[in-house]
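Enquirer: First the structure, then my questions, so here it is.
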Amino acid sequence: MKALLTQSKIRNQMQKLFLDLQRRFGGRCLLASLLLAGSALAWAHEGHQKTDTGPTLKRSEVVLTAATGKLVRQDGVTVDLKKLLDNGKPVVVAFIYTSCTAVCPITSHILAETQKLLGDDFGKVQMLSVSIDPEFDTPAVLAAYSRSLGAKPQWQHYTGSLPNIVAVQKAFHVYRGDKMNHDSLIFVGNGNNKDWVRFEGFPTAEQLVKELHVQNKS
1 MKALLTQSKI RNQMQKLFLD LQRRFGGRCL LASLLLAGSA LAWAHEGHQK TDTGPTLKRS
61 EVVLTAATGK LVRQDGVTVD LKKLLDNGKP VVVAFIYTSC TAVCPITSHI LAETQKLLGD
121 DFGKVQMLSV SIDPEFDTPA VLAAYSRSLG AKPQWQHYTG SLPNIVAVQK AFHVYRGDKM
181 NHDSLIFVGN GNNKDWVRFE GFPTAEQLVK ELHVQNKS
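Residue numbers (my numbering): 1 to 218.
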C-alpha cells in the first residue's frame with residue numbers, strides 16, 4: 001500500500017510537470033513529448049525501483065570533501081567547480097541526465113518551481129544541474145534542455161569529461177556506476193563547498209526555498 005501511494009504521488013508530480021510544460025511551450029516542447037511517452041515506462045525504469053516503498057523523502061546534514069575539477073557549462077564555457085561552489089552564495093546541486101524519463105524530469109521540475117518561487121531572491125542563489133551522462137549530454141543538448149525549463153542565468157546545466165563527471169559524483173557520494181542506477185538526490189549548500197543539506201527523494205520547491213533562506217543566513 002505504501003509503495004502504491006508513493007508511485008501515485010510521483011505520477012501526479014509528472015502529470016503536473018507535463019501540463020506545466022505543455023502550457024508554456026505547447027506542442028513544440030520536446031521534453032514534454034518525451035515525458036508523455038516516458039511516463040508509461042517510468043516504473044519499468046530499473047534504476048528507479050530500488051526499494052519496495054519508493055523514494056521516501058529524507059533530509060540529512062552532511063560534510064563532504066570539497067568538490068574540484070573542470071566542468072563545461074551549457075554555453076560551452078569551461079568552469080572551475082571549486083570556485084563555482086565556494087563563492088559565498090547558497091547553492092543547489094542536482095544530478096540529472098536529459099534522456100531520463102522518471103526521476104530527472106521531476107527533479108528538474110522541482111528546480112523550475114524553486115526558481116519561480118524565489119522570485120527576485122533568485123539572484124542571490126545559484127543552482128547547478130550536473131549531467132551524469134556526459135557522452136550524450138553535450139553543451140548543445142543541455143542548452144536546449146535548459147531552455148525548455150525556462151532556466152534563468154542563475155540556474156546552469158553542466159557536462160564535462162567522463163572522469164571529471166565521475167569525480168564530482170564521488171565527491172557528493174552519488175556515484176552508482178551506471179546512470180540507470182542513480183538516486184533522486186538534491187543538495188543545498190551555503191557557499192563554503194563543504195557543509196551540505198542532502199535531500200534523498202523529492203523535496204518540494206517550498207522546502208528548497210526554506211533551506212536556501214536558512215543557508216543564506218548561516
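From the three backbone atoms N, C-alpha and C, an ideal C-beta is built for every residue, glycine too.
Check whether the Cβ atoms of T107 and I165 sit closer than 8 Å, and answer yes or no.
Expert: no
Enquirer: Give the secondary structure of A112 by DSSP, where H, G and I count as helix, E and B as strand, and everything else as coil.
Expert: helix
Enquirer: Where does T78 fall in DSSP's three states?
Expert: DSSP, read as helix, strand or coil, puts T78 in strand.
Enquirer: Quick one: what does DSSP say L98 is sitting in, helix, strand or coil?
Expert: For the sequence presented, residue 98 should be read as Thr rather than Leu. The answer is coil: DSSP assigns T98 none of H, G, I, E or B.
Enquirer: Return the residue from the list K217, L64, D120 and R59 that minimises the CA-CA distance to P153.
Expert: D120
Enquirer: Throw me the rounded Cβ distance for the D86 and N192 pair, which I believe falls under 8 Å.
Expert: 6 Å
Enquirer: Evaluate the contact criterion for the stretch 69-79 versus the stretch 201-209: three or more CB pairs, one atom per stretch, below 8 Å.
Expert: With the cut-off at 8 Å, the stretch 69-79 and the stretch 201-209 do not touch.
Enquirer: Please state the DSSP three-state secondary structure of I186.
Expert: strand
Enquirer: Taking the alpha carbon of V168 as the point to measure from, which residue in L64, L57, S60 and E200 has its own alpha carbon closest?
Expert: L64
Enquirer: Which residues bound the alpha helix (DSSP H) around V141?
Expert: P139 to L149
Enquirer: In angstroms with no decimal places, state the Cα-to-Cα distance between K194 and E211.
Expert: 16 Å
Enquirer: Just to confirm, is the Cβ distance from G160 to K83 under 8 Å?
Expert: no
Enquirer: Specify, as a first and last residue, the run of the alpha helix (DSSP H) that L212 falls within.
Expert: A205 to K217
Enquirer: Using the Cα positions of F95 and S129, report the straight-line distance between them to the nearest angstrom.
Expert: 6 Å
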